[in-house]
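Its first residue numbered 13, the sequence shown is counted upward by one per residue in the numbering used here.
Working notes for the structure below.
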Amino acid sequence: MRQQALVLTAVLLASGGYLMTASRAAAQDRLFVATSTGSCTIKKTEYAAVAGFDESTRTTYDDLPSVTTTFTQKKKGCVGGTFYANAGAETDDNELLLEVLLDGVPCTPLTGGYVFANGGTDFSSHAVGYFCGASVAPGTHTIKVDYASENGGKVAFYQRTLTVAHD
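Okay, structure coming up:
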């Protein structure tokens, strides 16, 4: 369990994710398990960027408008990328939750209520790396970003960019 926590912490730090408190890291450790290691050769990168303002108080996940990307994977291979945004939660007792999904399936580490922005942030910049898999099948795929409010307080996005790297 401790090794998994160290791997998760290293992944989040390397990916530009937010720094977690020890208690949150322990809670997140129950959700994420490092399942494999390896390398990928990335040949293409797609992106979607928007400067629009979107806000919600929904506690269920909803699509973040304008950051959906469709791409064609020519052969079985890796899919991953980054998501950058100016985002925040209006009150200190709330957090902005995020998922990046490949064809409706959450990519790691963005599963199970990943906290993208802590409560009380004032549209500060946030970033996270994600990985959808090393053996994604050939064909047309869609990556989208969903978000929710942890407890129903107002959460919002301003500028954001989604990049998708694939074979």
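Beta carbons: idealized from backbone N, C-alpha and C, even for Gly.
Predicted, not measured: the structure shown is a model, and the values here were computed from it.
Coil, strand or helix - residue i by DSSP
{"i": "Ile54", "result": "coil"}
{"i": "Pro118", "result": "strand"}
{"i": "Asn130", "result": "coil"}
{"i": "Asn98", "result": "strand"}
{"i": "Gly145", "result": "strand"}
{"i": "Tyr73", "result": "coil"}
{"i": "Glu162", "result": "coil"}
{"i": "Val91", "result": "strand"}
{"i": "Thr123", "result": "coil"}
{"i": "Asp179", "result": "coil"}
{"i": "Thr82", "result": "strand"}
{"i": "Asp66", "result": "strand"}
{"i": "Thr33", "result": "For Thr33, the pLDDT reaches just 36, beneath the cut-off of 50, and the residue's location in the model is therefore unreliable, leaving the point undetermined."}
{"i": "Thr152", "result": "strand"}
{"i": "Phe169", "result": "strand"}
{"i": "Glu107", "result": "coil"}
8 Å contact criterion, which residue i and residue j should meet: CB distance rounded
{"i": "Thr84", "j": "Thr152", "result": "5 Å"}
{"i": "Gly89", "j": "Cys52", "result": "7 Å"}
{"i": "Ala63", "j": "Leu174", "result": "Not really, about 13 Å apart at Cβ, beyond 8 Å."}
{"i": "Leu110", "j": "Val91", "result": "The pair is not a contact, with the Cβ atoms about 17 Å apart (cut-off 8 Å)."}
{"i": "Ala97", "j": "His138", "result": "6 Å"}
Length of the line joining the Cα atoms of residue i and residue j
{"i": "Glu162", "j": "Asp105", "result": "9 Å"}
{"i": "Gly165", "j": "Thr69", "result": "5 Å"}
{"i": "His178", "j": "Val148", "result": "9 Å"}
{"i": "Thr74", "j": "Gly131", "result": "Note that residue 74 corresponds to Asp in the displayed sequence, not to Thr. Rounded to the nearest angstrom, the two C-alpha atoms are 19 Å apart."}
{"i": "Thr33", "j": "Val127", "result": "Interpretation of Thr33 is limited by its pLDDT of 36, a score under 50 that renders its predicted location unreliable; no figure is taken from the coordinates."}
{"i": "Val176", "j": "Thr103", "result": "31 Å"}
{"i": "Pro150", "j": "Glu58", "result": "16 Å"}
{"i": "Val218", "j": "Ser136", "result": "Outside the displayed span of the chain (13 to 179) sits residue 218, for which this structure offers no information."}
{"i": "Lys86", "j": "Cys144", "result": "16 Å"}
{"i": "Leu122", "j": "Asp158", "result": "10 Å"}
{"i": "Arg172", "j": "Leu76", "result": "10 Å"}
{"i": "Ala146", "j": "Ile54", "result": "11 Å"}
Member of the options whose CA lies at the smallest distance from the CA of residue i
{"i": "Leu108", "options": "Ala99, Asp115, Gly116 and Leu114", "result": "Ala99"}
{"i": "Ala160", "options": "Ala139, Thr71, Phe135 and Cys144", "result": "Thr71"}
{"i": "Phe65", "options": "Val176, Tyr170 and Asp179", "result": "Tyr170"}
{"i": "Gly124", "options": "Gly131, Val112, Asn130 and Lys56", "result": "Val112"}
{"i": "Gly93", "options": "Gly141, Val157 and Asp158", "result": "Gly141"}
{"i": "Ser78", "options": "Phe95, Lys87 and Val167", "result": "Phe95"}
{"i": "Lys56", "options": "Arg172, Thr82 and Ser137", "result": "Thr82"}
{"i": "Lys156", "options": "Ile54, Glu67 and Gly116", "result": "Gly116"}
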